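Visitor: Position 52 (the sequence shown) corresponds to 51 in numbering that gives the first Met the number 0; numbering is contiguous.
Glycine included, each C-beta is placed from N, C-alpha and C at the ideal position.
Since the structure is predicted, the reported quantities are computational estimates derived from the model, not experimental observations.
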Amino acid sequence: MTRILLIRHGEAAKTPESVDPDLTERGWQQARRLAQHFTRTTPIALASSPKARTQQTAQPLAQLWQRPVTIEQAVTEIPSPEGLPLGERRNWIRGLLDSNWDEGDRKLVDWRRGIARYLLQLERDTAIFCHFMVINSVVAHIRGDRRIQQFRPDYASVTELRLQGGRLEVLRLGEERRSRIL
0 MTRILLIRHG
10 EAAKTPESVD
20 PDLTERGWQQ
30 ARRLAQHFTR
40 TTPIALASSP
50 KARTQQTAQP
60 LAQLWQRPVT
70 IEQAVTEIPS
80 PEGLPLGERR
90 NWIRGLLDSN
100 WDEGDRKLVD
110 WRRGIARYLL
120 QLERDTAIFC
130 HFMVINSVVA
140 HIRGDRRIQQ
150 FRPDYASVTE
160 LRLQGGRLEV
170 LRLGEERRSR
180 IL
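#1: Does DSSP put V18 in a helix, in a strand, or in coil?
#2: Going by the CB atoms, is the gap between D124 and R2 shorter than 8 Å?
#3: Flag this pair as touching only if the stretch 29–37 and the stretch 59–69 have three or more C-beta atom pairs under 8 Å; answer yes or no.
#4: Pull up the CB-CB distance for W100 and R142, whole angstroms please, since I reckon it's below 8 Å.
#5: Determine which residues share a DSSP beta bridge with N90 and list them.
#6: If we ignore side chains and look at the alpha-carbon of each, how far apart do L118 and V137 end up?
#7: Kindly indicate which residue of I6, M0, Q54 has the alpha-carbon position closest to the one of D19.
#8: Roughly how many angstroms lie between the CA atoms of F150 and L170, to the nearest whole one?
#9: Around the Cβ of W91, are there at least 16 other Cβ atoms within 10 angstroms (buried) or fewer (exposed)?
#10: Starting from T75, trace the beta strand (DSSP E) both ways and give me its first and last residue.
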């Protein structure tokens, strides 16, 4: 059995112009609190989306456990439609939240399949620092549910999965965010 922790990044300093924002001071606090939560836990492998906010969220735990963080492209944030201006991305994502995964959108189908392939090949317990939509995509996949938003993972929340016999199972959803997501 392989244990997989999907950890949402801490609060990021997002603006309509920022392609890859850093964590806010609050986001850094969330990352440090998260690491403290794991002080008595046996260290496991660490992986992160290539985005700055996920790598920064992983840093305190990597330092605590003295582990390297592997950068994994498969768990990067959801790709925008071709030609979508950066300033309109937030509204596009908000519009997705109450819809279903569309099997006709090749880019999103490939993105979701890439995430599932990556998770299914893991052979050791791994904590993966990733994004809201990655976590929802995985939970939807496991549940066989077409709805995009399965739940509202809060910043630095931990969703626990188990991989056994080639099947993923949700053991525990991460803490949910009570206020607006984006």
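Guide: Taking the coordinates as given:
#1: coil
#2: yes
#3: yes
#4: Incorrect: roughly 12 Å between the Cβ atoms, too far for contact.
#5: BP columns for N90 are empty, so no partner.
#6: 9 Å
#7: Q54
#8: 14 Å
#9: exposed
#10: Note, T75: premise wrong, no beta strand (DSSP E); not H, not E.
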